[in-house]
Amino acid sequence: DAGVIQSPRHEVTEMGQEVTLRCKPISGHNSLFWYRQTMMRGLELLIYFNNNVPIDDSGMPEDRFSAKMPNASFSTLKIQPSEPRDSAVYFCASSLEPNYGYTFGSGTRLTVV
Amino acid sequence: RKEVEQDPGPFNVPEGATVAFNCTYSNSASQSFFWYRQDCRKEPKLLMSVYSSGNEDGRFTAQLNRASQYISLLIRDSKLSDSATYLCVVLSGGYQKVTFGTGTKLQVIP
């Protein structure tokens, strides 16, 4: 089991550029979550997919953020245009059932300069 | 009031000590509870679920108090390797609303 795989591990980009973060959940898991973590705000849920369908995107900060899950094995989180305040660690997590807990990927550390 | 609250710490304890953390939640209809552990610059990892009757896993004991709306984590015989941030997680809304606490930092000192 390769776990949840995220790419890239680190991303440094200039303000205004488009950023795309990628996630491959654990095979067989039907729920996928995107989180953002900062020192100030802790872990924040951005969006939650169940069976590839977005269930709750109330945590997505604004229209600059978008997420897709075209199939059960791949999801993207896009920020366009990026801003310095988007700098954070972005985690993807998947679960078989939410009641069983979640497995997190190693995260993408995003720095927008 | 925050949905899930934790004392950020840090809790500095000597090796071998017993330490306990609490986590309070505001939604009385919350259904499931977990403790996660997060090491510095790493992803959170599931430590244990919290069952209504309480549960134990080695040196770790988790308990749920629904009347007072809090969960607790007790660590006995602390090891240096227990140093980490401990996050509580609360599920509500038919398991579709997931809320993480901001974490409690534990530092075990030699």
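If you're matching them up, the sequences are chains C and E in order.
Residue numbers for the first sequence follow our numbering, so the first one is 1 and each next one is one higher.
Residue numbers for the second sequence follow our numbering, so the first one is 114 and each next one is one higher.
Every residue, glycine too, gets a C-beta built ideally from N, C-alpha and C.
Contact between Ala93 of chain C and Phe33 of chain C holds: CB atoms are separated by about 4 Å, below the 8 Å threshold. Among the CB atoms of chain C, one or more fall inside 8 Å of the CB of Pro157 of chain E.
In this structure, the beta-carbon distance from Asn140 of chain E to Ser181 of chain E does not fall below 8 Å.
Our two residues, Val221 of chain E and Val132 of chain E, have alpha carbons roughly 10 Å apart in a direct line. Within its own chain, the residues whose Cβ lies closer than 7 Å to the Cβ of Ile26 of chain C, once the five positions on either side in sequence are excluded, are Asp1, Gly3, Val4, Ser94, Thr103, listed in chain order.
No Cβ-Cβ contact shorter than 8 Å links Phe147 of chain E with Gly42 of chain C. Residue contact check for Val211 of chain E against chain C: a CB pair falls below 8 Å. DSSP places Pro84 of chain C within a helical segment (H, G or I) once states are collapsed to three.
Across the segment 85-102 of chain C, CB contacts with chain E closer than 9 Å involve Val89, Phe91, Ala93, Glu97, Pro98, Asn99, Tyr100, Gly101, Tyr102, in sequence order along the chain.
Per DSSP, Gly42 of chain C is one residue of the beta strand (DSSP E) stretching across 42-50. Taking 8 Å as the cut-off, the beta carbon of Met15 of chain C is found no closer than this to the beta carbon of Glu62 of chain C. For Asn135 of chain E, same chain residues with a beta-carbon under 6 Å away, outside a window of 5 residues either side, are Tyr183, Ser185 in chain order.
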